[in-house]
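Going by full-length UniProt numbering, 30 is the number at position 30 of the sequence shown; the sequence numbering is gapless. Note that beta-carbon positions come from the ideal geometry of N, C-alpha and C, so glycine has one too. Below: the structure, in structure tokens.
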Amino acid sequence: MLTDGVSLAKHINNVKIWNNVRDGLPYPYTILDADKYIRMVQVLPYVQNFAIEIAGETVGGVGIAPLTDVERLSAEVGYWLGEDYWNRGIMSEAVALLVDYVFRETQIIRLFASVYDYNNASMKVLEKVGFTRQAILRDAAIKNGRVIDMYYYDLVKRGICLV
Numbered sequence: 001m002l003t004d005g006v007s008l009a010k011h012i013n014n015v016k017i018w019n020n021v022r023d024g025l026p027y028p029y030t031i032l033d034a035d036k037y038i039r040m041v042q043v044l045p046y047v048q049n050f051a052i053e054i055a056g057e058t059v060g061g062v063g064i065a066p067l068t069d070v071e072r073l074s075a076e077v078g079y080w081l082g083e084d085y086w087n088r089g090i091m092s093e094a095v096a097l098l099v100d101y102v103f104r105e106t107q108i109i110r111l112f113a114s115v116y117d118y119n120n121a122s123m124k125v126l127e128k129v130g131f132t133r134q135a136i137l138r139d140a141a142i143k144n145g146r147v148i149d150m151y152y153y154d155l156v157k158r159g160i161c162l163v
């Protein structure tokens, strides 16, 4: 909802969060950025992004970015959580709920995520939910002017029959 913009901006506007996400997320993050994001997700063909709400505030988010063409049955998973809520198991639960939703409600059969080499907490979230590390992509990204490795994880829906 558009009224979530204030709490969204409050919790995501943190350099510690920005250091672990793609540069496409603005920093600093303003209420205008939040409103633009909320309007964008409202027009997607189906629910692809979910807010994590605690005590009436948006304190995090989890979602997917579906691929296209020959990779149309795959989607990238992304997530963030306000620092005040770290280390409580919230993100593992949210990612598990997202996986269940995606595999049950969409035609997507493969989810993947890339994690910066220094983000051990995010690696633990993915592993706890059942994702498997498939590769370490050497010097695959640049963040804060530093070339870094990315750890590539995926999870495939089992019992698929497309015929």
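Helix, strand or coil at residue i [DSSP, three-state]
{"i": "W86", "result": "coil"}
{"i": "T3", "result": "helix"}
{"i": "I142", "result": "strand"}
{"i": "D69", "result": "helix"}
Opening and closing residue of the beta strand (DSSP E) in which residue i lies
{"i": "N49", "result": "N49 to I54"}
{"i": "E57", "result": "E57 to P66"}
Cut-off 6 Å between Cβ atoms - residues of its own chain near residue i, not counting five sequence neighbours on either side
{"i": "Q48", "result": "G63 and I64"}
{"i": "L67", "result": "S74"}
Own chain partners of residue i with C-beta closer than 7 Å, once the 5 adjacent residues on each side are dropped
{"i": "I109", "result": "L73, V156, K157 and I160"}
Beta bridge counterpart(s) of residue i as assigned by DSSP
{"i": "F112", "result": "E76 and D154"}
{"i": "T132", "result": "D154"}
{"i": "residue 164", "result": "The structure shown has nothing for residue 164, since the chain only spans 1 to 163."}
Run of the alpha helix (DSSP H) containing residue i, from where it starts to where it stops
{"i": "Q42", "result": "I31 to Q42"}
{"i": "G15", "result": "In the sequence on display, residue 15 carries Val and not Gly. First-last of the alpha helix (DSSP H) with V15: V15 to W18."}
*So, do the stretch 17-28 and the stretch 78-90 have three or more beta carbon pairs nearer to each other than 8 Å?*
yes
*Are three or more beta carbon pairs between the stretch 108-124 and the stretch 145-155 nearer than 8 Å?*
The answer is yes - the stretch 145-155 touches the stretch 108-124, with three or more Cβ pairs under 8 Å.
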